[in-house]
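Take 373 as the starting number for the sequence shown in the numbering used here and just add one per residue.
C-beta: ideal position from N, C-alpha, C; glycine also.
Computed from a predicted model, the values in this text were never measured in an experiment.
First comes the structure, then the notes that go with it.
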Amino acid sequence: MQGFDKNTPRESFGSQIGVIAAAAGSAVGLGNIWRFPYVAGENGGGAFLLTYLAFVLLIGVPAMLSEFVVGRKAQRNPVGAFRRLAPGSAWPAVGFIGVAAAFTILAFYTTVAGWTLEYLYLTIFDKLDHLQKKDLENTFTTFVASGWRPVMWQVVFMLLTGFIVFKGVKNGIERSTKIMMPLLLLIIIALGIRSMTLPGAAEGLKFLFRPDFSKINAGVMLQALGQAFFSLSIGMGTLITYGSYIRKSENLGKTAISVSLADTAIAILAGLAIFPAVFAFKITPEAGPSLVFITLPMIFDQMAGGVIFELVFFILLAIAALTSTISVLEVAVAYFGEELSMGRKKATVLSTIAITILGICTTLSMGPMPELSIAGLSLFDLLDKTSANVLLPLGGLCIVLFVGWKLKPEAVIGEINNEGTLRARLAPLFMFIVKFLAPVAIALVFLNGLGLFGFFGGGDL
Ligand code: PHE
373 MQGFDKNTPR ESFGSQIGVI AAAAGSAVGL GNIWRFPYVA GENGGGAFLL TYLAFVLLIG
433 VPAMLSEFVV GRKAQRNPVG AFRRLAPGSA WPAVGFIGVA AAFTILAFYT TVAGWTLEYL
493 YLTIFDKLDH LQKKDLENTF TTFVASGWRP VMWQVVFMLL TGFIVFKGVK NGIERSTKIM
553 MPLLLLIIIA LGIRSMTLPG AAEGLKFLFR PDFSKINAGV MLQALGQAFF SLSIGMGTLI
613 TYGSYIRKSE NLGKTAISVS LADTAIAILA GLAIFPAVFA FKITPEAGPS LVFITLPMIF
673 DQMAGGVIFE LVFFILLAIA ALTSTISVLE VAVAYFGEEL SMGRKKATVL STIAITILGI
733 CTTLSMGPMP ELSIAGLSLF DLLDKTSANV LLPLGGLCIV LFVGWKLKPE AVIGEINNEG
793 TLRARLAPLF MFIVKFLAPV AIALVFLNGL GLFGFFGGGD L
């Protein structure tokens with residue numbers, strides 16, 4: 373099959389390990405280490421975790437597999453995939469929403485990714501040492517609102533992302549994630565052990581694992597669903613795009629299960645690294661988005677050998693973010709490269725520039741340019757909430773409906789069992805979920821959650 377560039381074959385991942393590293397790299401990101409702990413903290417800990425796990429298992433894994441099926445079957449970017457599998461229909465709109473989501477997600481995601489580089493810098497130059505809570509809050513809020521500095525780090529981050537994507541699927545994405553992902557795992561395990569061996573850590577474990585069911589309501593359920601989609605990278609075509617690079621001999625079902633397990637394990641490990649420490653130092657877990665930037669430095673400062681752990685933690689965050697940003701950028705690049713016949717290099721340069729511009733506006737909306745806000749939410753908050761809680765569930769819903777109702781069941785099963793060469797015992801269960809259970813569950817949680825909060829009401833979404 374022809375690639376993005378004329379006369380070259382379409383690229384694919386070179387090995388099973390490469391596929392898992394790349395897809396788990398996409399899934400594991402700020403969503404696990406920055407977003408999961410603070411959303412869990414704000415939504416009651418254990419009760420949230422349980423709801424989240426149920427959604428990952430019942431909806432997340434089948435939705436991920438659906439994206440792989442669409443991508444590998446069509447061998448195309450998200451827009452081209454729907455065009456190829458459902459010519460002349462309105463389905464390619466789902467792909468377009470995905471490309472749009474690539475822009476909105478990267479715009480705020482690289483803002484936060486940029487913060488991790490600033491904190492790396494602050495740690496290396498001892499600038500967080502011995503600061504009181506107030507000073508740490510000050511450092512964070514002044515930095516975030518300062519304009520040029522966060523913008524600079526964001527641009528650096530986008531350039532790193534663009535550089536890897538520019539080099540292509542095998543030499544860029546696969547090669548870099550195969551190095552970064554094992555490193556990430558080592559770091560998070562070390563941090564978890566350190567945190568859990570602190571005196572008083574048990575309270576944190578209770579908070580994370582002891583569910584208080586009275587805390588579950590429609591809002592918590594939507595947050596858990598949105599978090600599951602965001603964390604697994606579902607609903608915007610990232611996994612359609614990566615799926616299109618998976619060779620026909622790989623086992624898609626196994627891949628979806630391994631990637632989801634890895635993602636969930638890392639989110640729980642992040643919770644284990646953060647909450648015991650939060651409780652050990654008697655800090656409240658509901659700090660919100662600033663949890664890892666204010667609360668954690670405070671903890672590291674009081675901990676023996678804290679600077680080392682702090683350094684390692686921000687390296688972890690930066691790596692996790694980078695393996696995700698490349699997967700989001702790849703969606704836009706695959707679309708421009710293939711559908712508009714630009715080739716990879718031109719598509720990478722153009723999308724990197726366009727996304728950087730939107731990203732800069734997002735970063736500025738948090739400080740010097742508060743007028744960049746809509747309905748009382750800064751551009752940053754708006755993009756964060758609408759991406760995770762609106763665009764991704766909506767995209768996910770369309771994708772499972774497409775696989776459940778539009779594609780022929782034989783074609784779907786054929787893609788899952790590699791045309792009869794694998795056993796794929798769970799395929800009938802999968803078909804039932806994507807036809808009935810997942811669409812109904814997503815629609816219910818989505819409508820319920822939106823109704824409870826009002827669409828843009830108050831930033832609670
Ligand atoms: N899954 C990534 C994370 O957890 C974010 C992401 C969302 C990446 C959607 C790709 C698509 O950080």
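Residue state for residue 434 is assigned as helix, using DSSP reduced to three classes.
Residue 738: not part of any alpha helix (DSSP H); DSSP gives it neither H nor E. CA-CA distance, residue 736 to residue 377, rounds to 36 angstroms. Residue environment for residue 686: buried (at least 16 other C-beta atoms within 10 angstroms of its C-beta). Around the beta-carbon of residue 654, fewer than 16 other beta-carbon atoms lie within 10 Å, marking it exposed.
A residue is called buried once 16 or more other Cβ atoms fall within 10 Å of its Cβ, and residue 407 is buried on that count. Residue 390 sits away from residue 622, with the two beta carbons spaced by 7 angstroms or more. Annotation for residue 799: 785, 788 and 789 place their beta carbon closer than 7 angstroms to its own, counting only its chain and skipping 5 residues before and after.
Rounded to whole angstroms, the separation of the alpha carbons of residue 716 and residue 384 is 14 angstroms. Under the three-state reduction of DSSP, residue 750 is assigned to strand. Leaving aside the five residues that flank residue 661 on each side, the residues in its chain whose CB is nearer than 7 angstroms to its CB run, in chain order, 410. Comparing C-alpha distances from residue 556 to each of 688, 614, 507 and 517 shows the shortest one belongs to 688. Restricting attention to 593, 437 and 477, the CA atom closest to the CA of residue 758 is found in 477.
Excluding five sequence positions before and after residue 678, the CB atoms of its chain that fall closer than 7 angstroms to its own CB belong to 672, given in chain order. For residue 669, the three-state secondary structure derived from DSSP is helix. By the neighbour-count definition (other C-beta atoms within 10 Å, threshold 16), residue 439 is a buried residue.
In this structure the region 564-578 lies against the region 638-655, because at least three pairs of beta carbons, one per stretch, are closer than 8 angstroms.
Distance from the Cα of residue 637 is smallest, within the candidate group 382, 415 and 429, for 429.
The residues 490 and 515, in chain order, have a CB closer than 8 angstroms to that of residue 521 in the same chain once the five nearest residues on each side in sequence are set aside.
Boundaries of the alpha helix (DSSP H) around residue 481: 464-496.
Taken from the Cβ of residue 602, at least one heavy atom of the ligand PHE lies inside 6 angstroms. When the alpha-carbon of residue 465 is set against those of 624, 608 and 697, the nearest one is in 608.
The ligand PHE has a heavy atom closer than 6 angstroms to the beta-carbon of residue 404. Closest in C-alpha terms to residue 815, from the list 762, 452 and 488, comes 762. The shortest C-alpha to C-alpha distance from residue 698 to any of 599, 552, 753 and 767 is the one to 552. Within the same chain, and ignoring the five residues on either side of residue 775 in sequence, the residues whose Cβ sits closer than 8 angstroms to its Cβ are 438, 441, 442, 784 and 806.
Of the candidates 817, 610 and 606, the residue whose Cα lies closest to the Cα of residue 768 is 606. Residues 495 and 672 of the same chain have their beta carbon placed closer than 6 angstroms to that of residue 682, with the five preceding and five following residues left out of the count.
Taking a C-beta distance under 7 angstroms as the contact criterion, residue 401 and residue 692 qualify as a contact pair. At least one heavy atom of the ligand PHE lies closer than 6 angstroms to the C-beta of residue 399. Residue state for residue 595 is assigned as helix, using DSSP reduced to three classes.
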